[in-house]
Amino acid sequence: MAGQLLYRIQDREGRGPWRPGFSAEWLELDSDRPLPVPITSELANFHSLVKQAHQRRMHIGCAVRGLDGLAKWFLPSELAKLRELGFRLVRCSTCEILAETPNQVLFASKAPLARLPRVSWPSLELLEAA
(Lines of atoms letter the chains of each structure in order from A and count residues from 1; the text may use other names and numbers.)
(Lines give C-alpha, C1' and ligand atoms only; values in the text may rest on other atoms or scores of the structure.)
Protein backbone atom coordinates (compact mmCIF):
# COMPACT_ATOMS: atom_id res chain seq x y z
CA MET A 1 0.00 0.00 0.00
CA ALA A 2 2.73 2.47 0.86
CA GLY A 3 3.93 4.63 -1.98
CA GLN A 4 0.55 5.42 -3.52
CA LEU A 5 -0.66 9.00 -3.33
CA LEU A 6 -3.15 9.84 -0.61
CA TYR A 7 -6.37 11.44 -1.86
CA ARG A 8 -9.31 13.05 -0.13
CA ILE A 9 -12.58 14.48 -1.42
CA GLN A 10 -13.74 17.62 0.37
CA ASP A 11 -15.59 20.88 -0.04
CA ARG A 12 -13.92 24.29 0.04
CA GLU A 13 -14.16 24.36 3.85
CA GLY A 14 -12.29 21.05 4.07
CA ARG A 15 -15.27 18.86 5.02
CA GLY A 16 -15.72 15.47 3.41
CA PRO A 17 -18.95 14.30 1.80
CA TRP A 18 -19.88 11.61 4.35
CA ARG A 19 -22.23 13.57 6.62
CA PRO A 20 -25.58 12.83 8.23
CA GLY A 21 -28.32 14.27 6.06
CA PHE A 22 -26.00 15.10 3.17
CA SER A 23 -24.78 11.74 1.90
CA ALA A 24 -28.22 10.97 0.45
CA GLU A 25 -27.79 13.92 -1.93
CA TRP A 26 -24.96 12.20 -3.83
CA LEU A 27 -24.86 8.55 -2.73
CA GLU A 28 -26.45 6.04 -5.11
CA LEU A 29 -28.62 4.29 -2.58
CA ASP A 30 -29.86 1.72 -5.11
CA SER A 31 -26.32 0.41 -5.73
CA ASP A 32 -25.71 -3.14 -4.52
CA ARG A 33 -22.03 -2.59 -3.82
CA PRO A 34 -20.95 -2.97 -0.21
CA LEU A 35 -19.43 0.15 1.33
CA PRO A 36 -16.35 -0.10 3.55
CA VAL A 37 -17.01 0.29 7.24
CA PRO A 38 -16.38 3.67 8.90
CA ILE A 39 -12.92 4.16 10.33
CA THR A 40 -14.39 4.51 13.82
CA SER A 41 -15.44 0.85 13.51
CA GLU A 42 -12.08 -0.26 12.15
CA LEU A 43 -9.84 1.43 14.73
CA ALA A 44 -10.43 0.66 18.38
CA ASN A 45 -8.15 3.57 19.34
CA PHE A 46 -9.69 6.09 16.90
CA HIS A 47 -10.82 8.54 19.60
CA SER A 48 -7.47 8.40 21.37
CA LEU A 49 -5.58 9.10 18.13
CA VAL A 50 -7.82 12.06 17.32
CA LYS A 51 -7.54 13.47 20.85
CA GLN A 52 -3.74 13.25 20.79
CA ALA A 53 -3.58 14.97 17.40
CA HIS A 54 -5.96 17.72 18.55
CA GLN A 55 -3.75 18.29 21.60
CA ARG A 56 -0.95 19.01 19.10
CA ARG A 57 -3.28 21.46 17.30
CA MET A 58 -3.52 19.22 14.24
CA HIS A 59 -6.46 18.99 11.83
CA ILE A 60 -7.82 15.47 11.25
CA GLY A 61 -9.22 13.79 8.17
CA CYS A 62 -9.57 10.53 6.29
CA ALA A 63 -8.04 9.77 2.91
CA VAL A 64 -7.54 6.80 0.60
CA ARG A 65 -4.55 5.43 -1.25
CA GLY A 66 -4.63 5.78 -5.01
CA LEU A 67 -7.45 5.49 -7.50
CA ASP A 68 -8.36 2.03 -6.29
CA GLY A 69 -8.95 3.55 -2.85
CA LEU A 70 -11.34 6.10 -4.35
CA ALA A 71 -13.12 3.29 -6.19
CA LYS A 72 -13.77 1.47 -2.88
CA TRP A 73 -15.77 4.40 -1.56
CA PHE A 74 -17.24 6.10 -4.62
CA LEU A 75 -18.83 5.04 -7.88
CA PRO A 76 -17.76 7.13 -10.89
CA SER A 77 -21.28 8.60 -11.06
CA GLU A 78 -21.05 9.60 -7.38
CA LEU A 79 -17.72 11.32 -7.98
CA ALA A 80 -19.26 13.21 -10.90
CA LYS A 81 -22.14 14.33 -8.66
CA LEU A 82 -19.75 15.44 -5.91
CA ARG A 83 -17.75 17.40 -8.44
CA GLU A 84 -20.98 19.10 -9.60
CA LEU A 85 -21.71 19.94 -5.95
CA GLY A 86 -18.36 21.75 -5.70
CA PHE A 87 -16.28 19.06 -4.03
CA ARG A 88 -12.58 18.91 -4.77
CA LEU A 89 -10.00 16.17 -4.96
CA VAL A 90 -7.00 17.02 -2.80
CA ARG A 91 -3.66 15.39 -2.11
CA CYS A 92 -2.76 14.49 1.48
CA SER A 93 0.66 12.96 0.85
CA THR A 94 2.54 15.44 3.06
CA CYS A 95 0.23 14.86 6.02
CA GLU A 96 1.12 12.74 9.03
CA ILE A 97 -0.45 9.29 8.94
CA LEU A 98 -1.96 8.44 12.32
CA ALA A 99 -3.35 5.03 11.34
CA GLU A 100 -4.15 3.01 8.25
CA THR A 101 -6.68 0.28 7.56
CA PRO A 102 -7.26 -1.66 4.34
CA ASN A 103 -9.98 0.88 3.47
CA GLN A 104 -8.61 4.27 4.47
CA VAL A 105 -5.99 6.40 6.16
CA LEU A 106 -6.52 8.58 9.22
CA PHE A 107 -4.21 11.58 8.90
CA ALA A 108 -3.31 14.81 10.64
CA SER A 109 -2.32 18.11 9.05
CA LYS A 110 -0.70 21.17 10.59
CA ALA A 111 -2.67 23.34 8.16
CA PRO A 112 -6.46 23.41 7.94
CA LEU A 113 -7.74 20.76 5.51
CA ALA A 114 -9.14 23.48 3.23
CA ARG A 115 -5.54 24.35 2.38
CA LEU A 116 -4.59 20.89 1.10
CA PRO A 117 -3.41 21.04 -2.54
CA ARG A 118 -6.08 20.43 -5.15
CA VAL A 119 -5.41 17.91 -7.89
CA SER A 120 -7.18 17.22 -11.17
CA TRP A 121 -10.05 14.78 -11.08
CA PRO A 122 -9.14 11.48 -12.76
CA SER A 123 -11.10 10.42 -15.80
CA LEU A 124 -14.09 8.18 -15.17
CA GLU A 125 -12.46 5.48 -17.33
CA LEU A 126 -9.51 5.29 -14.93
CA LEU A 127 -11.82 4.96 -11.95
CA GLU A 128 -13.92 2.27 -13.60
CA ALA A 129 -10.75 0.29 -14.28
CA ALA A 130 -9.51 0.60 -10.66
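Take 76 as the starting number for the sequence shown in the working numbering and just add one per residue. Even glycine gets a Cβ: it sits at the ideal position worked out from N, Cα and C.
Between I172 and V165, the C-beta spacing is not below 8 Å. For R83, the secondary structure class from DSSP, reduced to helix, strand or coil, is strand. When only Cα atoms are considered, L81 and E159 end up about 22 Å apart. Cβ neighbours of A183 within its own chain (closer than 6 Å, five residues either side excluded): A128, M133, I135, E171 and L173. V112 counts as exposed, since fewer than 16 other C-beta atoms from the protein chains shown sit within 10 angstroms of its C-beta. Around the beta carbon of G144, a 10 Å sphere encloses 16 or more other beta carbons of the protein chains shown; the residue is thus reported as buried. Membership of R158 in the alpha helix (DSSP H) is indicated by the continuous run P151 to E159.
Here A174 carries a strand assignment [DSSP, helix/strand/coil].
Rounded to the nearest angstrom, the gap between the Cα atoms of N178 and S168 is 16 Å. Taking G89 as the centre and dropping the five residues before and after it, the same chain places the C-beta of P187, L188 and A189 closer than 7 Å to its C-beta, in chain order. Here V125 is not bridged, per DSSP, to any residue. For S116, no beta strand (DSSP E) run applies; the uninterrupted alpha helix (DSSP H) run containing it begins and ends at I114 to E117, by DSSP.
DSSP lists no beta-bridge partner residue for S98.
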